[in-house]
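Since the structure comes first, as structure tokens, the remarks are kept for the end.
There are 2 protein chains.
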Amino acid sequence: MRERPTSPMKAAVRRVTLAVDVVVLSPRAEALAVLLVRAPAGGRERWSLPWDAPRADEGLEEAAARIAAAVLGTAPAFFEQVGAIGDGKRHPGDADVSIGIVALMPASDEPPAADAEWFPLSALPSLAPRHRTIVERAATVVRQRVDQSPLAFRLLPATFTLSDLQGVYELLLSRRLHKASFRRALQASYLVEPTDEWRSEGRGRPAQLFRFAPRKRRGARRGVRFDLFSE
Amino acid sequence: MRERPTSPMKAAVRRVTLAVDVVVLSPRAEALAVLLVRAPAGGRERWSLPWDAPRADEGLEEAAARIAAAVLGTAPAFFEQVGAIGDGKRHPGDADVSIGIVALMPASDEPPAADAEWFPLSALPSLAPRHRTIVERAATVVRQRVDQSPLAFRLLPATFTLSDLQGVYELLLSRRLHKASFRRALQASYLVEPTDEWRSEGRGRPAQLFRFAPRKRRGARRGVRFDLFSE
DNA sequence: GACATTAGTGACGGATTGTTACTAATTCGC
DNA sequence: GCGAATTAGTAACAATCCGTCACTAATGTC
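If you read the sequences in order, they're chains A and B. Under my numbering, the residue at position 11 of the first sequence is numbered 11, and the numbers go up by one with no gaps. Under my numbering, the residue at position 183 of the second sequence is numbered 1183, and the numbers go up by one with no gaps.
What follows is the structure, encoded as structure tokens:
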């Protein structure tokens, strides 16, 4: 019989340097874009994610909100952790451990701070390895959760057309969706309600504006779906 | 026009104490159970999650494997982060920030270390507030991902009956499933393959043993499902 | 050998969903 | 003014999916 360990919890504290690295995502010119800041001269890369160490009496999401607000002027409304990284990957501030946090916000015409810029996810500049990993994880997390929580609505303003909404889903899922199916599923979900406003977008028929207003669903629990596995 | 900030990244390092807190889950007597260790006398609680500070050249999952192995003798095969907590909640070692990591393992007859014990999730003893939060998050994460990744198979031995598998899903989802539907969906997913062994469990007809052997699926992508939102 | 118990499958009917094809309301070009 | 182009929105058909019921199969118990 194998030896069983005894008294295993001799836990010791160790002080490490910690960073909160923020991935702000927003639709920008028909693509999902991430907010980067110009890195100080002397570093190996010219751009980095906004980041900072959390302050003493501040939660991690709180720190992320502060960090994002420093670049954007206002904080995004939605934050979610995408994972902690503590392996050897290089971080711009040489933090031992990074907490990656993704923030979602609607497209905006407001420009970010002078030394910040939006980059499409598909055309990122060179980033520190840890930042590249965090961006990839953020994109993966958002894409995986998009049909388990109303993430997509965080990328839209308070009112939007159904075509806008479908466009965001197509961005997130990287594939085209069928209009009729999309709307039928949306209808059945009681997630949105129409406003009495319409938007004319130049050519074509004006579209009705909707708002996100989820009603309680009847608990029609479905069976197990084995076909949703990611890999 | 609002003032735009300039040069926002004046990031400063700060040293904090960090803990990796591990939630080992395993089916145990018809319920999902978590592994707890007896806390040293003098603390406010008598039990805690296994935890430690990560070592210098060790990734976070690696630390979790080491911590779990110290209690179990061998490390579970599957680990996944469930989130970092850095707010004021009390931690047994007073760590500033905790990384919560969930580990899954099959039911085992091997007893854990002398000062460790399995507790059903529904009957936990008093835990430090941060540990209680981490256990709740772990359970939530596992239950939410169960139909996006083959988590359930991590709670079973290498070969298992389809009734075993259905039982694990029922544990994770906290509801009964219909046998015929479950098997039809499983069949269509090409996730398991039959072995030529059968297991007789006392009464009733013997059951064929299967193993987890996912084949690549034809990419029949479905539309958006709005009815899977968690809350 | 009747019965209880667990495993496994076939098949019906209703619900869901992919698709096509249509109608509606606007701008643009002439 | 008026048709073409463009975008919004819907109806309806067909195929598939899925919940359910009903059955057969193989074992142990009495």
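Note that the Cβ used here is the ideal one computed from N, Cα and C, for glycine as well. Because the structure is a prediction, the values reported are computed rather than measured.
Interface residues of chain B around residue i at Cβ under 7 angstroms?
i                 : result
Ala33 of chain A  : Near Ala33 of chain A there are no residues of chain B at all, since even the closest Cβ is about 18 angstroms away, more than 7 angstroms.
Phe229 of chain A : Gln1148, Ser1149, Pro1150
Val97 of chain A  : Leu1018
Let me know the secondary structure DSSP gives residue i once reduced to three states.
i                  : result
Glu201 of chain A  : coil
Gln166 of chain A  : helix
Pro157 of chain A  : coil
Leu1121 of chain B : helix
Asp52 of chain A   : strand
Gly1083 of chain B : strand
Val1235 of chain B : With chain B covering 1001 to 1231 only, the question about residue 1235 of chain B has no answer from this structure.
Ala213 of chain A  : coil
Ala185 of chain A  : helix
Ala114 of chain A  : coil
Phe1229 of chain B : coil
Gly1077 of chain B : The question names Gly, but residue 1077 of chain B in the sequence shown is Ala. Here Ala1077 of chain B sits in coil by DSSP.
Ala107 of chain A  : coil
Step through the CB atoms of chain B and report whether any lies within less than 7 angstroms of the CB of residue i.
i                 : result
Ala138 of chain A : no
Gly100 of chain A : no
Arg14 of chain A  : yes
Asp21 of chain A  : no
Leu234 of chain A : Outside the shown range of chain A (1 to 231) lies residue 234 of chain A, about which nothing can therefore be said.
Gln208 of chain A : no
Cβ closer than 7 angstroms: which chain A residues qualify as neighbours of residue i?
i                  : result
Ala1107 of chain B : Within chain A, no residue comes near Ala1107 of chain B; the closest Cβ sits about 18 angstroms away, beyond 7 angstroms.
Met1224 of chain B : Correcting the residue identity first, residue 1224 of chain B is Val in this sequence and not Met. Here the neighbours are Asp147, Tyr169, Leu177, Phe182, Ala185.
Pro1054 of chain B : Gly86
Arg1221 of chain B : Arg175
Since residue i and residue j should fall inside the 8 angstroms C-beta cutoff, what is the C-beta to C-beta distance between them, to a whole number of angstroms?
i                  : j                  : result
Val1146 of chain B : Val1082 of chain B : Not really, about 14 angstroms apart at Cβ, beyond 8 angstroms.
Leu191 of chain A  : Pro157 of chain A  : With 8 angstroms as the limit, Leu191 of chain A and Pro157 of chain A do not qualify as a contact, their Cβ atoms being about 16 angstroms apart.
Thr1161 of chain B : Ala1213 of chain B : In fact, because the Cβ distance is near 15 angstroms, the residues do not count as touching under 8 angstroms.
Ala33 of chain A   : Leu121 of chain A  : 7 angstroms
Gly1043 of chain B : Pro1112 of chain B : About 20 angstroms; that fails the 8 angstroms criterion.
Trp1051 of chain B : Ala1019 of chain B : 5 angstroms
Ile1101 of chain B : Ala1139 of chain B : About 14 angstroms; that fails the 8 angstroms criterion.
Ala1128 of chain B : Glu1045 of chain B : 6 angstroms
Gly1223 of chain B : Ser126 of chain A  : Actually they do not touch by this definition, with Cβ atoms about 37 angstroms apart.
If the cut is a Cβ gap below 8 angstroms, which residues of chain B does residue i touch?
i                 : result
Val135 of chain A : Per Cβ cutoff of 8 angstroms: no residues; Val135 of chain A is ~16 angstroms from chain B at best.
Gly43 of chain A  : Going along chain B, no residue has its Cβ under 8 angstroms from Gly43 of chain A, so there is no contact; the nearest lies around 11 angstroms.
With a threshold of 7 angstroms between beta-carbons, can residue i be considered close to chain A, or not?
i                  : result
Arg1154 of chain B : no
Thr1017 of chain B : yes
Leu1060 of chain B : yes
Leu1191 of chain B : yes
Gly1204 of chain B : no
Met1001 of chain B : Note that Met1001 of chain B scores 40 on pLDDT, short of 50, meaning its location in the model is unreliable and no value can be drawn from it.
Ends of the alpha helix (DSSP H) at residue i?
i                  : result
Leu1072 of chain B : 1060 to 1072
Ala33 of chain A   : From DSSP, Ala33 of chain A is part of no alpha helix (DSSP H) but of the beta strand (DSSP E) over 31 to 38.
Glu1045 of chain B : Here Glu1045 of chain B belongs to no alpha helix (DSSP H), and DSSP marks it neither H nor E.
Pro1129 of chain B : 1129 to 1145
Would you mind telling me which residues of chain A sit closer than 8 angstroms to residue i, beta carbon to beta carbon, in chain order?
i                  : result
Arg1028 of chain B : Going along chain A, no residue has its Cβ under 8 angstroms from Arg1028 of chain B, so there is no contact; the nearest lies around 18 angstroms.
State the start and end residues of the unbroken beta strand (DSSP E) segment that holds residue i.
i                  : result
Val1102 of chain B : 1097 to 1104
Pro27 of chain A   : 15 to 28
Given 6 angstroms as the limit, tell me if residue i has its C-beta closer than that to any heavy atom belonging to the ligand NAP.
i                  : result
Val1016 of chain B : You won't find the ligand NAP in this model; it holds no ligand whatsoever.
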